[in-house]
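Trainee:
Residue numbers (my numbering), protein chains in the order written: chain L, 427 to 733; chain X, 170 to 501.
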């Protein structure tokens, strides 16, 4: 039981890492640019497609990973220049609609290019084994690598934001954009930079997710809505909050699916229990979010904003 | 309030909608009656959403959830009537006199709960929390294995029964939906012109100001949220009757997105706008593939959303007044 528990806990953390990679961009773009970007999930999907296609052609996991990031960056750059830039001065409704329309465009375009049949790819041979963790739990190496990659990105992001000049400008811009602009910082360039870097995190998550799930149209949106929950729980604009939210959502979701049926099964008859638990476990994270918002309407780590 | 100037236009539209079945039958295209019914039903939901988005400035991204509550109420009652089983001790029914009022009551209750919690937040948090509530209900419906789970369920007993009116006759059903639409539209017209409507307009402008003159903005927002939820629930109940089929797809988040698109295409902040938007949306859905095929773009006709997306982006960026603004340009 404890072995299973630990394994599911790690699965939860690993899902949390994906959620963090996507949420980080989402929350930065919102915090700094004040833009809600529904099409952020599409960048996750583009990353996954690039990975699967390049991987399929070259047969090299590493090469595909290295090449898919620039693909996502280019896509993000085009999106930023053509659409996102025009949405700065608009209200959230316009942003939601324009980026929703962008999803329609990207999804339909992807379907036209690659069809509706999902793509699959294998875990690379070098990462396909298992590792034995302290306590005797064996766990797939690839998933350990994902957790490691997620933590590395989080650390790098924290260092950039907390310790560098650009990071200082980002923090200042999140609090008061106009003042930073007055001080001679090229906000437009910073916007593009944040958008593209955020997109690359999402693309990285998509590329890494490729071997674990089927690569298909719509994969981004399912994850995106989970990321909204992470971001809302953590506090919009806060990277630290996104991390906390992502891990919480990942663990609660995974644990809910793994253990709620068992627990309910002890009190109810099996048929009722399985029916209720299926609903309950997929709703659990939304319930969690509601509880957080009832007590902290601006999330756990609200970002001070003077607008 | 601008709507009041268009009484001739409104009466003209009403006359057209009343005569539509005759015209369609005379021209031998009575299959379009079903599309017309969809228009009327979908328009109820769009108008109700505009009460939130256009009149109160509340960007609700989970409106389709209430469509689902209305539809599943009708569907589940019909299911138990067909199976002759009970739900928490109560029998199912096919009677529209029970099913439709119950659908409205339950969607009001759902909107009350969702609204009471979501309206504690503002701005982008509100968008995300309503989206999440929508997803929550979506997964709830998916998990209802007994009622078809993912696939949804057919209503084997057909549409609801009413005294004097046979809803299974498609023309009667069209008029039944049209009557509900006119009733709801009239109610909304009255609502937005009332004192309450002005409170909503004030909330849209600046809700902090309201508290300083002693108006409880939260309470007003909750009221309009429930009213809009009932509108969507009504549309859901009618839609279930129309298609004789209920499925979680009705509450998918893209459906909420579609509803927002409809409001924007037509012109938000007006009651006529969402109706025009619904008309345009259904028209595009039916005819954009044909137009694209006519232009020799056969590949695009199947993937019409590939063309629709950019059109929508252009509308959002450059034509915010929507179809309404084209038809009734503001002077000055």
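Virtual Cβ for every residue (Gly too), placed ideally from N, Cα, C.
1) Kindly say whether residue 490 of chain X, judged by its beta-carbon, lies nearer than 8 Å to any beta-carbon of chain L.
2) Do residue 303 of chain X and residue 401 of chain X have their C-beta atoms closer together than 8 Å?
3) Out of curiosity, what's the CA-to-CA distance linking residue 439 of chain L and residue 559 of chain L?
4) Under DSSP, the alpha helix (DSSP H) around residue 489 of chain L begins and ends at which residues?
5) In the DSSP output, what is residue 563 of chain L paired with across the bridge?
6) Determine, for residue 289 of chain X, whether the minimum Cβ-Cβ distance to residues of chain L falls below 8 Å.
7) Looking at the unbroken alpha helix (DSSP H) that takes in residue 437 of chain L, where does it start and where does it end?
8) Pull up the DSSP beta-bridge partners for residue 330 of chain X, would you.
9) Cβ closer than 9 Å: which chain L residues qualify as neighbours of residue 249 of chain X?
10) Who are the neighbours of residue 518 of chain L on chain X, taking C-beta pairs under 7 Å?
11) Between residue 477 of chain X and chain L, is there a C-beta pair that is closer than 8 Å?
12) Are the beta-carbon atoms belonging to residue 545 of chain L and residue 567 of chain L less than 8 Å from one another?
13) Going straight from the alpha carbon of residue 743 of chain L to that of residue 437 of chain L, what length do you get?
14) By the 9 Å beta-carbon criterion, what residues does the segment 378 to 398 of chain X contribute toward chain L?
15) Are the CB atoms of residue 473 of chain L and residue 629 of chain L nearer to each other than 8 Å?
16) Once DSSP output is grouped into helix, strand and coil, what is the label at residue 600 of chain L?
17) Does residue 323 of chain X come out as helix, strand or coil in the three-state DSSP assignment?
18) So which residues of chain X does residue 537 of chain L contact, with C-beta pairs closer than 7 Å?
19) At the level of alpha carbons, what is the spacing between residue 716 of chain L and residue 507 of chain L?
20) Measuring CB atoms only, is the segment 182 to 200 of chain X touching the segment 411 to 426 of chain X, in the sense that at least three cross pairs come out at less than 8 Å?
21) Assign residue 225 of chain X to one of two classes, buried (16 or more other C-beta atoms within 10 Å of its C-beta) or exposed (fewer than that).
22) Considering only the beta carbon of each residue, do residue 709 of chain L and residue 305 of chain X sit closer than 8 Å?
23) Could you give the residue range of the alpha helix (DSSP H) that holds residue 305 of chain X?
24) Using a Cβ-Cβ cutoff of less than 7 Å, which residues in the same chain neighbour residue 433 of chain L once the five nearest sequence positions on both sides are dropped?
25) Can you say whether residue 320 of chain X is buried or exposed, counting buried as having 16 or more other CB atoms within 10 angstroms of its CB?
26) Out of curiosity, what's the CA-to-CA distance linking residue 317 of chain X and residue 250 of chain X?
27) Got a sec, what are the start and stop residues for the alpha helix (DSSP H) residue 342 of chain X sits in?
28) Provide the residue(s) that pair with residue 414 of chain X in DSSP beta bridges, ordered along the chain.
29) Quick one, are the C-beta atoms of residue 420 of chain X and residue 237 of chain X less than 8 Å apart?
30) What is the DSSP secondary structure of residue 256 of chain X, reduced to helix, strand or coil?
31) Name, please, each residue of chain L whose Cβ falls closer than 9 Å to the Cβ of residue 433 of chain X.
32) Find the nearest neighbour of residue 455 of chain X within the set X/472, X/289, X/288, X/380, judged by alpha-carbon distance.
33) DSSP three-state call for residue 393 of chain X: helix, strand or coil?
34) Leaving aside the five residues before and after residue 493 of chain X along the sequence, list all residues of the same chain whose C-beta is less than 7 Å from its C-beta, in chain order.
35) Give the list of continuous alpha helix (DSSP H) stretches no shorter than 4 residues that lie fully inside the segment 197 to 242 of chain X.
36) For the candidate residues X/433, X/365, X/482, X/476, whose alpha-carbon lies nearest to that of residue 458 of chain X?
Mentor: Let me spell this out:
1) Along the second chain, read from residue 1 onward, the residue named residue 490 of chain X stands at position 321. So no, residue 490 of chain X is outside the interface.
2) Position 134 of the second chain holds residue 303 of chain X. Position 232 of the second chain holds residue 401 of chain X. No, the Cβ-Cβ distance between residue 303 of chain X and residue 401 of chain X is not below 8 Å.
3) By one-based count along the first chain, residue 439 of chain L stands at place 13. By one-based count along the first chain, residue 559 of chain L stands at place 133. Approximately 15 Å, taken between the alpha carbons.
4) Counting from one through the first chain, the residue named residue 489 of chain L turns up at place 63. Here the alpha helix (DSSP H) through residue 489 of chain L covers 487 to 508.
5) In the first chain, residue 563 of chain L corresponds to position 137, counting from 1. Note: residue 563 of chain L sits in a beta bridge opposite L/559.
6) Numbered from its first residue, the second chain carries residue 289 of chain X at position 120. It does; some Cβ of chain L falls within 8 Å.
7) Walking along the first chain from the start, residue 437 of chain L turns up at place 11. Note, residue 437 of chain L: alpha helix (DSSP H), 428 to 459.
8) The residue you call residue 330 of chain X lines up with position 161 of the second chain. The partner list for residue 330 of chain X (beta bridge, DSSP) reads X/264.
9) Walking along the second chain from the start, residue 249 of chain X turns up at place 80. Within 9 Å Cβ-Cβ: nothing; residue 249 of chain X doesn't reach chain L, min ~16 Å.
10) Taking the first residue of the first chain as position 1, residue 518 of chain L is located at position 92. Here the neighbours are 228, 292, 293, 296.
11) In the second chain, residue 477 of chain X corresponds to position 308, counting from 1. With 8 Å as the cut-off, residue 477 of chain X counts as an interface residue toward chain L.
12) On the first chain, position 119 is the one that residue 545 of chain L refers to. On the first chain, position 141 is the one that residue 567 of chain L refers to. No.
13) What the structure shows of chain L is the stretch from 427 to 733, and residue 743 of chain L is not part of that stretch, so it cannot be assessed.
14) none
15) Within the first chain, numbered from 1, the residue matching residue 473 of chain L stands at position 47. Within the first chain, numbered from 1, the residue matching residue 629 of chain L stands at position 203. The answer is yes: Cβ separation under 8 Å.
16) Sequence index remark: in the first chain, residue 600 of chain L carries index 174 (1-based). Of the three classes helix, strand and coil, the one that applies to residue 600 of chain L here is helix, per DSSP.
17) Against the second chain, residue 323 of chain X aligns to sequence position 154. DSSP places residue 323 of chain X in strand when its eight states are reduced to three.
18) Residue 537 of chain L sits at position 111 when you count from the first residue of the first chain. 472, listed in chain order.
19) If you number the first chain from 1, residue 716 of chain L lands on position 290. If you number the first chain from 1, residue 507 of chain L lands on position 81. Between residue 716 of chain L and residue 507 of chain L, the C-alpha separation is close to 36 Å.
20) no
21) The residue labelled residue 225 of chain X in the question sits at position 56 within the second chain. When all chains shown are included, residue 225 of chain X counts as buried.
22) Counting from one through the first chain, the residue named residue 709 of chain L turns up at place 283. Counting from one through the second chain, the residue named residue 305 of chain X turns up at place 136. Yes, they are a contact pair.
23) Counted from its first residue, the second chain places residue 305 of chain X at position 136. Counting along the chain, the alpha helix (DSSP H) containing residue 305 of chain X begins and ends at 292 to 311.
24) On the first chain, residue 433 of chain L is found 7 positions in, with the first residue counted as 1. Same-chain partners within the cutoff: 563, 565.
25) Here residue 320 of chain X refers to the residue found at position 151 of the second chain. So residue 320 of chain X ends up on the exposed side.
26) Mapped onto the second chain, residue 317 of chain X falls at position 148. Mapped onto the second chain, residue 250 of chain X falls at position 81. Cα to Cα, residue 317 of chain X sits roughly 16 Å from residue 250 of chain X.
27) Here the question's residue 342 of chain X lines up with position 173 in the second chain. Residue 342 of chain X -> alpha helix (DSSP H) spans 339 to 362.
28) Start at 1 with the first residue of the second chain, and residue 414 of chain X comes out as number 245. X/323.
29) Position 251 of the second chain, counted from the first residue, corresponds to residue 420 of chain X. Position 68 of the second chain, counted from the first residue, corresponds to residue 237 of chain X. Yes. Within cutoff.
30) For the purposes of this step, residue 256 of chain X is taken as residue 87 along the second chain, with counting starting at 1. Three-state DSSP puts residue 256 of chain X in a strand.
31) Stepping through the second chain from its first residue, residue 433 of chain X is reached at position 264. 519, 520, 523, listed in chain order.
32) Taking the second chain and counting its residues from 1, the one referred to as residue 455 of chain X is at position 286. Of the listed residues, the one whose Cα sits closest to residue 455 of chain X is X/472.
33) Working through the second chain from its first residue, we reach residue 393 of chain X at position 224. In this structure, residue 393 of chain X counts as helix in the three-state DSSP scheme.
34) Numbered from its first residue, the second chain carries residue 493 of chain X at position 324. 435, 436, 439, 441, 442, 445.
35) 201 to 219
36) Position 289 of the second chain, counting from 1, holds the residue named residue 458 of chain X. Checked all of X/433, X/365, X/482, X/476; the closest Cα to residue 458 of chain X is X/476.
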